[in-house]
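So the sequence shown is numbered by numbering that gives the first Met the number 0: it starts at 0 and just counts up by one.
Glycine included, C-beta positions come from ideal geometry on N, C-alpha and C.
Keep in mind the model is a prediction, meaning the values are calculated, not measured.
Have a look at the structure below, then the notes.
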Amino acid sequence: MNATLAQARAWDAADPLREFRARFALPAGVIYLDGNSLGALSVATQGRLGEAISREWGEGLIRSWNDEDWIGAPARVGGKIARLIGAGAHEVTAADSTSVNLFKLLAAALGARPGRRVILTEAGNFPTDLYVARGLAGLAPGVEVRAVASDAVAGAINEQVAVVLLSHVHYKSAARRDMAAITALAHGAGALALWDLSHSVGAIEIELNACAADLAVGCGYKFLNGGPGAPAFLFVAERLQETLVSPLTGWMGHAAPFDFVDDWRPAPGIGRFLAGTPPMLSLLALEVGVDLALEADAKAVAHKAERLWELFAGEVAARCAAHGFRLITPARAAERGSHIAFAHPDGYGIVQALIARGVIGDFRDPDIMRFGLTPLYLGYEDVWRAVEILDEVMKSEAWRHTPPRAAGRVT
Ligand SMILES: Cc1ncc(COP(=O)(O)O)c(C=O)c1O
0 MNATLAQARA
10 WDAADPLREF
20 RARFALPAGV
30 IYLDGNSLGA
40 LSVATQGRLG
50 EAISREWGEG
60 LIRSWNDEDW
70 IGAPARVGGK
80 IARLIGAGAH
90 EVTAADSTSV
100 NLFKLLAAAL
110 GARPGRRVIL
120 TEAGNFPTDL
130 YVARGLAGLA
140 PGVEVRAVAS
150 DAVAGAINEQ
160 VAVVLLSHVH
170 YKSAARRDMA
180 AITALAHGAG
190 ALALWDLSHS
200 VGAIEIELNA
210 CAADLAVGCG
220 YKFLNGGPGA
230 PAFLFVAERL
240 QETLVSPLTG
250 WMGHAAPFDF
260 VDDWRPAPGI
270 GRFLAGTPPM
280 LSLLALEVGV
290 DLALEADAKA
300 VAHKAERLWE
310 LFAGEVAARC
320 AAHGFRLITP
330 ARAAERGSHI
340 AFAHPDGYGI
350 VQALIARGVI
360 GDFRDPDIMR
370 FGLTPLYLGY
380 EDVWRAVEIL
390 DEVMKSEAWR
400 HTPPRAAGRV
410 T
């Protein structure tokens, strides 16, 4: 899809989500295309954190665990996230990081499938998914992590597999898995399906229960705009909650933490998957981001994400054909998430040159440029201008002046 600047502006004027833009505190002169990595700060988050710090913490002190229901926040925020992912409120809790939640749910899944020793995943999955699975296998004799090529996953699901671990939307390509189909294959073989929703939650429609998903995890700091290092969440289908056991049997997952007894007894339901004390300020910030996502009409968000993507792809095809970008994101809307990725041998330098011009995307090895398309705070004009600046960076070869990449820097 292509547009003139005037058309892009007209689409923005008619956009049912347009008033959400003012709810974010984005810096002037920036086109922010990295909400798939770190979501933007909302105006309400600033106020909420100020209040949480000065009133709830400063004045309420420890009383706020009860008076402000801090203690109930993991379940409360989880219940809100549940509405974004097609789950029941009692099936989701905010907790820990995605990596830690992966560990807990993979271990619980292995425990629920005695005799099966394979964690099946795809090679090239997000590294923490692979590392955590392998770390767990190192602790559990006989457990094997089988990481097969992306298109070989379906064929590799068999009766040896305890759990299939996949990203719903791939962090590099944005390719989206057919959750219902893969989950059905896993169930057909007697395995469980664990979905990493980090790149789909808050961006596209997700129906965990309609897909009969068993387990899921996801990040709070991407499309949910929870803030840097925001708590993550986990989902355990109701039918599995009483049989699955978290390996991190911390006191917050105890049936009665304030009884202070020596023996661990699981809390009923999803609460047993908590481990330790939640990071309250971060959790309250995440809640604001989730509330904002819930205010928006999910269908309108998904529709706009599709159109922003089509405009980006169309403008790159029309203006940048000579610059050697290779689109690696699937073209069909049902097969992708909400970012667009291109491979280019000079991708790192190009992304740096764009950032220097206020167009913030990111780079993933070896040659992938990623641009997150977040419907709540991006407009069609932003996309149009971003591609205009990309074209200018290529024509002027500005990327050649990028300083060499230093080790250890976030890309
Ligand atoms: C698919 C996926 N899983 C997990 C993570 C990160 O997990 P954590 O929040 O534990 O660092 C990311 C971060 O980008 C991700 O893209």
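Go through its chain and collect everything with a Cβ distance to residue i's Cβ below 7 angstroms, but skip five positions before and after it.
i, result
"Ile156", "Leu119, Val163, Leu184, Ala185, Ala188, Ala190"
"Ile70", "Trp64"
"Ala88", "Gly78, Ala81"
"Ala295", "Leu16, Phe19, Leu375"
"Glu55", "Ser63, Glu67"
"Cys210", "Met178, Ala179, Thr182"
"Asn1", "Gly313, Glu314, Ala317"
"Val117", "Glu143, Arg145, Gln159, Val160, Ala161"
"Ala352", "Val392, Ala397, Trp398, Thr401"
"Gly336", "Val168, Ala173, Arg175, His198, Ser199, Ala202, Ile203"
Residues in its own chain within less than 6 angstroms of residue i by CB, not counting five upstream and five downstream?
i, result
"Val358", "Ile30, Ala385, Ile388"
"Ala180", "none"
"Met393", "His322"
"Gly371", "Leu32, Asp33, Gly34, Asn35, His338"
"Ala174", "Pro329"
Are there any heavy atoms of ligand 1 lying less than 8 angstroms away from the beta-carbon of residue i, as far as the coordinates show?
i, result
"His338", "no"
"Thr248", "no"
"Val162", "no"
"Asp128", "yes"
"Ala12", "no"
"Phe125", "yes"
"Tyr347", "no"
"Thr97", "yes"
"Lys221", "yes"
"Asp364", "no"
"Ser172", "no"
"His198", "yes"
Work out the CA separation of residue j and residue i for me, nearest whole Å.
i, j, result
"Arg238", "Lys103", "17 angstroms"
"Leu307", "Ala301", "10 angstroms"
"Glu305", "Ala333", "9 angstroms"
"Thr92", "Gly201", "16 angstroms"
"Arg112", "Gln45", "45 angstroms"
"Arg133", "Gly59", "43 angstroms"
"Asp366", "His253", "46 angstroms"
"Glu286", "Ala94", "12 angstroms"
"Tyr220", "Thr248", "25 angstroms"
"Ile52", "Ser281", "11 angstroms"
"Leu37", "Ala229", "10 angstroms"
"Ala122", "Asp213", "22 angstroms"
"Arg115", "Leu109", "7 angstroms"
"Ala27", "Val235", "41 angstroms"
"Gly57", "Ala107", "38 angstroms"
"Gln240", "Phe222", "27 angstroms"
Tell me, please, which residues DSSP counts as bridged to residue i.
i, result
"Thr92", "Leu233"
"Ser166", "Asp195"
"Ile339", "Phe370"
"Leu326", "Phe341"
"Glu121", "Val147"
"Ile30", "Val358"
"Gly189", "BP columns for Gly189 are empty, so no partner."
"Phe311", "BP columns for Phe311 are empty, so no partner."
Report all residues from its chain with a CB closer than 8 angstroms to the CB of residue i; omit the five preceding and five following residues, and keep chain order.
i, result
"Ala39", "Phe23, Ala24, Leu25, Tyr31, Asn224, Thr373, Tyr376"
"Glu380", "Leu4, Ala7, Arg8, Asp11"
So with Cβ pairs under 9 angstroms, would you call residue i a contact of chain C?
i, result
"Arg325", "As a matter of chain content, chain C is missing from the structure shown, which is built from one protein chain."
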